[in-house]
Amino acid sequence: MSEARGPEAGSLLKVRSLTKYFGTFAACNGIDLSIGPGEIHALLGENGAGKSTLVKMLFGVLQPSEGRIFWDGRPVSIGSPGEARTLGIGMVFQHFSLFEALTVAENIALSLDPKIPLAKIAEEAESLSKAYGLPLDPHAHVADLSVGERQRIEIVRALLQNPKLIILDEPTSVLTPQEADKLFETLFKLKAEGRSVLYISHRLEEVQRICDRATVLRHGKVTGDCDPRQETPASLARMMVGSDVAGVHRDSTTDLGSALVQVQNLSVPARTPFSVTLKDIALEVRAGEVLAIAGVAGNGQGELFDALSGEYPVGNDEAIRLCSKAVGRTGINGRRLLGAGFVPEERHGHAAVSDMALSDNLLLSRSQSDRSLFLAGGLLSVIRHDAIRATARRICAAMDVRKSGDDPAAGSLSGGNLQKFIIGRELDRKPAVLVVNQPTWGVDAGAASRIRQALIDLARAGSAVIVISQDLDEIFEVATNIAVISEGRLSKPYPAGDLTLEKIGLLMGGIHDSTAHSGATAGGVHAH
Amino acid sequence: MRIELQRRPAASGVFSLVSPLLALVLTLIFGAIMFRLLGKDPGHALYSFFVEPLLEVWSLHELAIKAGPLILIAVGLSVCYRSNNWNIGAEGQFTIGAITGSILPILVPQWHSVLVLPLMLVMGAAGGALFAGIPALLKTRFNTNEILVSLMLVYIAQLFLDWLVRGPWRDPKGFNFPQSISFAPEAVLPPLLDSGRAHASILFALLAAVLVWFMMRFMLKGFEVTVLGRSERAGRFAGFSARRMVWFSMMLSGAFAGLAGISEVSGSIGHLQPSISPGYGFTAIIVAFLGRLNPLGAIASGFVLALTYLGGEAAQLSIGVSDKVTRVFQGLLLFFVLSCDTLILYRVRIIFGSGRAREAKS
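For the protein sequence lines, the chains are A and B, in the order given.
Quick note: the first sequence, position 459, residue 459 per UniProt numbering, numbers continuous.
Quick note: the second sequence, position 345, residue 345 per UniProt numbering, numbers continuous.
Okay, here's the thing in structure tokens:
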């Protein structure tokens with residue numbers, strides 16, 4: 001390209017104080033980043049740290065609010081993915097955009113100039129995939145391919161544009177260890193040709209193995225810029241999760257009662273190519289205990305919730321026991337009748353139907369558990385709207401739900417107020433067991449603290465509470481015991497007081513520690 | 001200048017009432033334009049199409065005869081569509097209901113009993129329900145698209161009826177006409193009044209509409225239909241089964257279509273023949289949507305669409321236009337109903353001068 005190099009010479013891509021605001025919230029705040037030619041550069045961070053926002057700005061999907069991007073030493077503005085590709089930036093997304101009914105070659109052709117004949121594309125794709133050790137049959141139908149093979153299509157599609165920088169978003173999250181090893185070989189080949197790779201991950205072991213440099217993000221800011229090989233997993237984890245958790249205050253541990261939730265040998269195969277397989281989960285929660293389950297998103301939290309709630313019952317009846325009854329094959333309402341309550345992660349379209357009234361949404365989770373109160377007329381099951389409205393009013397008062405009108409549509413409430421209602425809907429029953437997935441995701445600070453207090457109070461009153469969360473501050477605020485989920489496996493629980501952030505970071509990074517002593521090495525990662 | 005659709009913060013209550021009326025007015029305006037282009041006097045044509053049929057007692061009876069099956073089918077379809085299952089094959093379920101309902105009067109004509117008629121109705125409803133169970137089975141088992149399957153089954157049902165009345169069920173003394181023997185008197189739905197032909201099918205329709213309205217408005221089952229239709233995931237969270245809802249909604253609408261089918265054959269025709277419906281099963285889709293997928297709304301819209309059938313016949317006689325005009329009116333009406341419904345969730349904004357748009361493009 002241009003010989004006239006500016007002051008930023010030496011780096012292929014350089015980013016200076018890049019900032020992106022969503023409203024007043026800074027998803028990325030003054031990010032500096034520099035990637036040299038032939039460098040595999042890691043971008044590390046928890047969920048919500050700002051990795052995706054940063055990458056979307058580099059690929060032209062989002063426009064930065066402030067800051068500059070330099071490409072080959074010259075300032076550029078990347079207005080669209082098309083412009084990014086022209087510059088020489090290729091991207092492989094975590095979730096693929098492929099048509100299952102079409103062949104590999106046809107899928108690739110869709111992203112290229114329509115004038116290029118299909119036969120030529122197939123030929124090129126095949127030779128390219130061979131050259132990079134990504135064997136791929138261009139005439140195979142995508143529907144017949146494994147997830148790893150589908151990822152290869154995306155990579156080959158990116159390579160056909162001859163990029164100088166390839167961005168890979170959590171590429172190994174969908175791969176088997178063997179497929180991941182293959183991918184790493186490919187990345188080393190790209191590196192040897194002088195191409196650069198921006199590698200997004202939260203897996204410390206991988207990053208140490210393949211990356212030359214790492215930039216660590218937390219809460220939208222750079223918290224570390226280092227050579228991962230000079231670091232220990234522990235020091236990387238500290239940069240990733242921080243050490244500034246404030247206000248860890250718990251009462252002296254109250255006496256715990258009998259075990260209300262017992263899970264053993266719970267294994268659930270993945271339902272879709274993008275869901276996680278649960279492997280041999282075991283946990284126990286006693287009356288008065290809050291068990292918090294930490295982990296980076298997409299490591300099996302949703303699948304664990306589905307199994308615990310009974311929305312998707314599991315084959316082994318004994319795998320899950322609620323209040324000493326085997327319920328593995330029991331549906332969600334059967335479990336509710338035993339005294340359990342559930343709060344899923346997604347408010348709209350899962351925990352609540354947005355365009356239905358609050359009172360209807362109350363009936364949604366309690367039609368069977370409060371049958372005698374809410375339904376009349378025996379088998380006709382006539383809905384008693386008056387009783388339901390009265391209960392909805394009581395919940396709104398108890399949880400301080402701010403709303404317009406007496407019984408507005410759930411969708412008209414703010415996220416925090418709707419979440420207070422959804423939690424209050426279960427608390428109002430005084431459940432013996434409560435399972436909550438991401439209780440304060442996208443909720444304002446006031447509502448979040450009220451919800452956390454309510455969870456603590458419920459446990460103190462003698463219920464067993466499971467909180468699945470990505471928010472470590474939240475976890476330390478509410479938990480009696482903490483377990484970490486990673487790649488569908490759950491660590492053993494640790495008393496919240498004994499667990500350091502460093503250790504949680506290691507567990508979240510996939511470093512499974514069977515001996516429960518710190519200083520674990522990467523050796524245990526895939527050993528199972 | 002450009003026109004933008006802007007999403008309203010909440011569904012507009014005014015427009016959910018006004019929208020069907022607006023659609024009717026627009027249909028009349030465009031109908032008038034169509035008659036003008038055909039070289040007819042629009043005023044006279046619309047009068048003979050929409051007003052004349054209402055002026056005589058016998059034609060009011062005919063209106064009830066046409067409205068009966070339309071309302072009955074539309075009531076079932078409204079439940080189906082509310083649950084997000086798309087049964088397009090009511091015409092086929094209507095046909096199969098007519099066939100299974102006719103088994104007794106055709107195969108055992110010598111059995112004279114008061115039980116014959118109730119049994120026929122039950123068998124008709126059961127036949128329609130089972131036939132609608134085919135797309136339900138394929139959808140729950142193999143995840144097929146019920147729109148395509150139910151639609152294709154319409155042609156199977158119609159050709160099966162055609163084969164029956166030309167083959168095994170042909171009246172041996174019928175001079176080779178493709179029709180079955182005539183039903184015995186106890187197998188015929190009697191007229192309601194002495195003044196005309198209207199029979200019990202309109203009563204079935206009204207009763208079904210009120211019962212289904214009660215279910216949708218007051219019963220947990222209706223709640224289940226609505227929740228699963230809006231969000232399958234939320235329905236699963238509530239402990240409702242989307243699979244069972246496929247079966248329930250398809251078979252309910254199939255049963256109503258089957259009942260409409262046997263009522264039509266027994267009450268209006270009196271025997272089986274290759275063509276037993278002027279497209280009731282398809283027109284009922286329009287009835288269901290014009291009635292806002294509300295069973296009581298289907299009563300009103302059922303009479304409106306019944307009028308387009310009668311008007312088409314009347315206009316054929318008095319002003320000499322093709323009866324295809326009926327289809328045109330029904331098509332216009334469906335088109336305008338669906339487009340006016342946009343106004344419930346969106347408001348239209350006309351923006352003059354597109355400074356910002358141009359800026360964004362450059």
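For glycine and all other residues, C-beta sits at the position ideal for the given N, C-alpha and C.
Remember, predicted model here, so these are calculated numbers, not experimental data.
Open item on the list: With three or more beta-carbon pairs closer than 8 Å as the criterion, would you say the region 312–319 of chain B touches the region 49–68 of chain B?
Closed with: Under the three-pair Cβ rule at 8 Å, the region 312–319 of chain B counts as touching the region 49–68 of chain B.
Open item on the list: Please identify the residue among B/V348, B/L26, B/Q273 whose C-alpha is closest to the C-alpha of B/P168.
Closed with: Counted from its first residue, the second sequence places residue 168 of chain B at position 168. Restricting attention to B/V348, B/L26, B/Q273, the CA atom closest to the CA of B/P168 is found in B/Q273.
TODO: Give me the Cα-Cα distance between A/D444 and A/M239, rounded to the nearest whole angstrom.
DONE: Position 444 of the first sequence holds residue 444 of chain A. Position 239 of the first sequence holds residue 239 of chain A. Spanning the alpha carbons of A/D444 and A/M239 requires a straight line of approximately 25 Å.
TODO: Under the assumption that A/G90 contacts A/A158 (Cβ atoms under 8 Å), give the Cβ distance between them as a whole number of angstroms.
DONE: Start at 1 with the first residue of the first sequence, and residue 90 of chain A comes out as number 90. Start at 1 with the first residue of the first sequence, and residue 158 of chain A comes out as number 158. A/G90 to A/A158, Cβ: 3 Å. Contact.
Task: Contacts that A/P344 makes with chain B (C-beta to C-beta distance below 7 Å) - done: For the purposes of this step, residue 344 of chain A is taken as residue 344 along the first sequence, with counting starting at 1. Those within 7 Å of A/P344 in chain B are F237.
Task: Cβ of B/V188 within 7 Å of any chain A Cβ - done: The residue given as residue 188 of chain B occupies position 188 in the second sequence. Judged by the 7 Å Cβ criterion, B/V188 is not in contact with chain A.
- [ ] Specify whether the region 285–298 of chain A and the region 460–468 of chain A touch according to this definition: at least 3 beta carbon pairs, one from each stretch, less than 8 Å apart.
- [x] Yes, the region 285–298 of chain A touches the region 460–468 of chain A.
TODO: Quick one: which residues of the region 245–263 of chain B get their C-beta closer than 7 Å to a C-beta of chain A? List them in chain order.
DONE: Within the region 245–263 of chain B, no residue has a Cβ that lies closer than 7 Å to any Cβ of chain A.
Open item on the list: Suppose you measure from the CA of B/S102 to the CA of B/G124; what does that come to, to the nearest Å?
Closed with: Along the second sequence, one-based indexing puts residue 102 of chain B at 102. Along the second sequence, one-based indexing puts residue 124 of chain B at 124. Annotation: B/S102 to B/G124 spans about 8 Å, alpha carbon to alpha carbon.
Open item on the list: Rounded to whole angstroms, what is the Cα-Cα separation between B/K173 and B/L63?
Closed with: As a position in the second sequence, residue 173 of chain B is number 173, starting the count at 1. As a position in the second sequence, residue 63 of chain B is number 63, starting the count at 1. Annotation: B/K173 to B/L63 spans about 33 Å, alpha carbon to alpha carbon.
TODO: Can you have a look at B/I351 and say buried or exposed, based on whether 16 or more other CB atoms are within 10 angstroms of its CB?
DONE: Looking up residue 351 of chain B in the second sequence gives position 351. By the 10 Å Cβ count, B/I351 comes out exposed.
Open item on the list: For residue 530 of chain A and A/L175, what's the separation of their Cα atoms in angstroms?
Closed with: Here chain A has residues from 1 to 528 only, and residue 530 of chain A is not among them.
Task: Short-range partners of chain B found in the region 346–365 of chain A, where Cβ spacing is below 9 Å - done: Answer in chain order: E346, H348, G349, H350, A351, A352, V353, S354, D355, M356, D360, N361, L363, L364, S365.
- [ ] Look at A/L506 and A/P233 and say whether their C-beta atoms are less than 7 Å apart.
- [x] Residue 506 of chain A sits at position 506 when you count from the first residue of the first sequence. Residue 233 of chain A sits at position 233 when you count from the first residue of the first sequence. Against a cut-off of 7 Å, the Cβ pair of A/P233 and A/L506 comes out as a contact.
- [ ] Work out the CA separation of A/N481 and A/V197 for me, nearest whole Å.
- [x] As a working mapping, residue 197 of chain A is identified with position 197 in the first sequence. As a working mapping, residue 481 of chain A is identified with position 481 in the first sequence. Going by the C-alpha atoms only, they are around 39 Å apart.
TODO: Can you give me the Cβ contacts of B/A129 inside the same chain, cut-off strictly under 7 Å, excluding the 5 residues immediately before and after it?
DONE: Residue numbering aside, residue 129 of chain B sits at position 129 when the second sequence is read from its first letter. The residues are M251, G254, A255, G258.
TODO: With a 10 Å radius around its C-beta and 16 neighbouring C-beta atoms as the bar for buried, classify B/H112 as buried or exposed.
DONE: Residue mapping note: residue 112 of chain B aligns to position 112 of the second sequence, counting from 1. That one is exposed.
TODO: For A/S486, decide whether its Cβ has a neighbour in chain B, counting only Cβ atoms nearer than 7 Å.
DONE: As a working note, residue 486 of chain A is residue 486 in the first sequence. It does not: the Cβ of A/S486 has no partner Cβ on chain B nearer than 7 Å.
Task: Cβ pair count under 8 Å reaching 3, the region 381–393 of chain A against the region 310–330 of chain A - done: Counting Cβ pairs under 8 Å, fewer than three are found: no touch.
TODO: Sort A/S52, A/L358, A/H348, A/L110 by Cα distance to A/A94 and report the nearest one.
DONE: Here residue 94 of chain A refers to the residue found at position 94 of the first sequence. The question names Ala, but residue 94 of chain A in the sequence shown is Gln. Minimum Cα distance to A/Q94 is reached at A/S52.
TODO: Please state whether DSSP places A/T19 in a helix, a strand or coil.
DONE: Within the first sequence, the letter at position 19 stands for residue 19 of chain A. A/T19: strand per DSSP, three-state reduction.
- [ ] Give a yes or no on whether the C-beta atoms belonging to B/A298 and B/A242 are separated by under 7 Å.
- [x] Taking the first residue of the second sequence as 1, we reach residue 298 of chain B at position 298. Taking the first residue of the second sequence as 1, we reach residue 242 of chain B at position 242. No, these two residues do not count as a Cβ contact at 7 Å.
- [ ] Using three-state DSSP, classify B/M219 as helix, strand or coil.
- [x] As a position in the second sequence, residue 219 of chain B is number 219, starting the count at 1. Three-state DSSP puts B/M219 in a strand.
TODO: Establish whether the CB of B/M219 and some CB of chain A are separated by less than 7 Å.
DONE: Indexing the second sequence from 1 puts residue 219 of chain B at position 219. With 7 Å as the cut-off, B/M219 counts as an interface residue toward chain A.
Task: Coarse secondary structure for B/M250, derived from DSSP in three states - done: The count along the second sequence starts at 1 and reaches residue 250 of chain B at position 250. Of the three classes helix, strand and coil, the one that applies to B/M250 here is helix, per DSSP.
Open item on the list: Going by DSSP, what residue range makes up the alpha helix (DSSP H) through A/E83?
Closed with: For this step, residue 83 of chain A is matched to residue 83 along the first sequence. Segment 81–87, the alpha helix (DSSP H) holding A/E83.
Task: 7 Å Cβ cutoff, A/E311 in contact with chain C - done: The structure shown has no chain C; the protein chains it does contain are A and B.
Open item on the list: Let me see if you follow: with CB-CB separation under 7 Å, is B/V227 close to chain A or not?
Closed with: Start at 1 with the first residue of the second sequence, and residue 227 of chain B comes out as number 227. Interface residue, yes.
Task: Cα-Cα separation between A/G328 and A/A459, rounded to whole angstroms - done: Translated into positions along the first sequence, residue 328 of chain A becomes position 328. Translated into positions along the first sequence, residue 459 of chain A becomes position 459. The alpha-carbon atoms of A/G328 and A/A459 are separated by roughly 24 Å.
- [ ] Note down, in chain order, each residue of its chain lying with its Cβ closer than 6 Å to the Cβ of A/E477, except the 5 sequence neighbours on either side.
- [x] The residue given as residue 477 of chain A occupies position 477 in the first sequence. Same-chain partners within the cutoff: R452.
Open item on the list: For B/A200 and B/F35, I'd like the C-alpha separation in whole angstroms.
Closed with: For the purposes of this step, residue 200 of chain B is identified with residue 200 of the second sequence, where counting begins at 1. For the purposes of this step, residue 35 of chain B is identified with residue 35 of the second sequence, where counting begins at 1. Rounded to the nearest angstrom, the two C-alpha atoms are 36 Å apart.
Task: Neighbour list for B/G223 in chain A, Cβ cutoff strictly below 8 Å - done: For the purposes of this step, residue 223 of chain B is taken as the residue at position 223 of the second sequence. The question names Gly, yet the displayed sequence has Phe at residue 223 of chain B. Neighbours of B/F223 across chain A, judged by C-beta separation under 8 Å: D360, L363, S367, I383.
Open item on the list: Measuring straight from C-alpha to C-alpha, what distance separates B/M1 and B/T342?
Closed with: Your numbering for residue 1 of chain B matches position 1 in the second sequence. Your numbering for residue 342 of chain B matches position 342 in the second sequence. Looking at the two C-alpha atoms, the distance is approximately 21 Å.
TODO: Using 10 angstroms around the beta-carbon of B/N143, count the other beta-carbons present and answer buried if the total reaches 16, otherwise exposed.
DONE: Here residue 143 of chain B is taken as the residue at index 143 of the second sequence, counted from 1. Using a 10 angstroms sphere on the CB of B/N143, the tally of other CB atoms stays under 16, which defines it as exposed.
Open item on the list: By the DSSP assignment, the beta strand (DSSP E) with A/C28 in it spans what residues?
Closed with: In the first sequence, residue 28 of chain A corresponds to position 28, counting from 1. A/C28 -> beta strand (DSSP E) spans 25–35.
TODO: Report buried or exposed for A/K492, applying the criterion of at least 16 other Cβ atoms within 10 angstroms of its Cβ.
DONE: The residue given as residue 492 of chain A occupies position 492 in the first sequence. The residue is exposed, with fewer than 16 neighbouring Cβ atoms inside 10 Å.
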